[in-house]
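Q:
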Amino acid sequence: MHIAIIMDGNGRWATRRGRARTVGHREGAKAVRKIVESARRLEIDILTLYAFSSNNWGRPRSEVDALLHLLQRYLISETRRCAAQSIRIKVIGRRDRLSRSLMRTIEQTEEATASCNRLNLRIAVDYSARQSIAAAAQILQRSPDNDQAAFSNALGCAIHSANGSPSVDLLIRTGGEKRLSDFLLWECAYAELSFTDCLWPDFDETAFEAALEDYRHRNRRFGRLAAGAV
Ligand code: FPP
Numbered sequence: 050m051h052i053a054i055i056m057d058g059n060g061r062w063a064t065r066r067g068r069a070r071t072v073g074h075r076e077g078a079k080a081v082r083k084i085v086e087s088a089r090r091l092e093i094d095i096l097t098l099y100a101f102s103s104n105n106w107g108r109p110r111s112e113v114d115a116l117l118h119l120l121q122r123y124l125i126s127e128t129r130r131c132a133a134q135s136i137r138i139k140v141i142g143r144r145d146r147l148s149r150s151l152m153r154t155i156e157q158t159e160e161a162t163a164s165c166n167r168l169n170l171r172i173a174v175d176y177s178a179r180q181s182i183a184a185a186a187q188i189l190q191r192s193p194d195n196d197q198a199a200f201s202n203a204l205g206c207a208i209h210s211a212n213g214s215p216s217v218d219l220l221i222r223t224g225g226e227k228r229l230s231d232f233l234l235w236e237c238a239y240a241e242l243s244f245t246d247c248l249w250p251d252f253d254e255t256a257f258e259a260a261l262e263d264y265r266h267r268n269r270r271f272g273r274l275a276a277g278a279v
């Protein structure tokens, strides 16, 4: 099972409390820790989190710096814990615009958790689905294969994803908005969508389990008829 999450609402969470938006991002990082632990406990195979979109570069420099710094600190502090719990961490997205220091941290984290196989945690950083699809199309131009599987592989290469571009089963978006915001557009072709008003820092294990419980009652047909239908 592959769950993807658009973690929205950090800024509003902080603003409502009269705090700086970056405080909301810090609380958001705490929620990430809890949800990753829940995902492992619930035996989810892949969890993909949208941490920093390519369009987020357009935010004020101070917020961009704070977000990337927070991400680096998260990777440094969680690597050992994730390795001990057999959680593999991969960062997906573009790499050419990240600082050398962050790149080094990403590489160290990925290396330290490379043999873990209990939960595949993918963190999307400088990620844009449209850019990835365009990059995959360029890769395919140089290849004789052009079927869906080949495209999927090319897409995986374009975003540094070790396991290609696995289909998403459930996409959760917190924060009340109902859109995909350029996240995993190819992978979400048949994803079930779950939108909640809950702001990301408040999204806890109970809310996560509720989204999963709702998902279990969905009737996934992939364009076919329901079982037993004439
Ligand atoms: C959207 O909320 C959230 C982000 C742009 C960043 C998400 C980052 C984290 C949850 C923390 C760091 C991540 C990891 C993996 C440690 P927003 O700022 O757009 O909120 P708003 O819609 O209320 O303004």
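Just so we're aligned, residue 50 is where the sequence shown starts under our numbering, counting upward by one. From the three backbone atoms N, C-alpha and C, an ideal C-beta is built for every residue, glycine too. Fair warning: this is a prediction, and the values are worked out from it, not measured in the lab.
L242 lies in the beta strand (DSSP E); which residues open and close that run?
A: It spans E241 to F244 - the beta strand (DSSP E) in which L242 sits, taken as one unbroken run.
Q: Could you round the C-beta distance between K83 and E254 to whole angstroms and report it? I think they count as a contact, below 8 Å.
A: So it is a contact: roughly 6 Å between Cβ atoms.
Q: Bridge partners of T176, per DSSP?
A: The sequence shown places Tyr at residue 176, not Thr. In the DSSP output, where bridge partners are listed per residue, Y176 has S102.
Q: Can you find a heavy atom of ligand 1 that lies under 8 Å from the Cβ of H74?
A: Yes - ligand 1 has a heavy atom lying nearer than 8 Å to the Cβ of H74.
Q: Nearest to F291 by CA position, among S210, E226 and A207, is which residue?
A: The structure shown has nothing for residue 291, since the chain only spans 50 to 279.
Q: For R171, which option in R66, F101 and R68 has the closest C-alpha, if you only look at C-alpha atoms?
A: Of R66, F101 and R68, the residue nearest in Cα terms is F101.
Q: Is Q264 buried or exposed, if buried means 16 or more other CB atoms sit within 10 Å of its CB?
A: In the sequence on display, residue 264 carries Tyr and not Gln. Label assigned to Y264: buried.
Q: Check this for me: beta carbons of G77 and C247, under 9 Å apart or not?
A: Against a cut-off of 9 Å, the Cβ pair of C247 and G77 comes out as no contact.
Q: Below 6 Å CB to CB, which residues in the same chain sit around Y239 once its five sequence neighbours on both sides are set aside?
A: If we look at Y239 and ignore the five residues flanking it on each side, its Cβ neighbours are F271.
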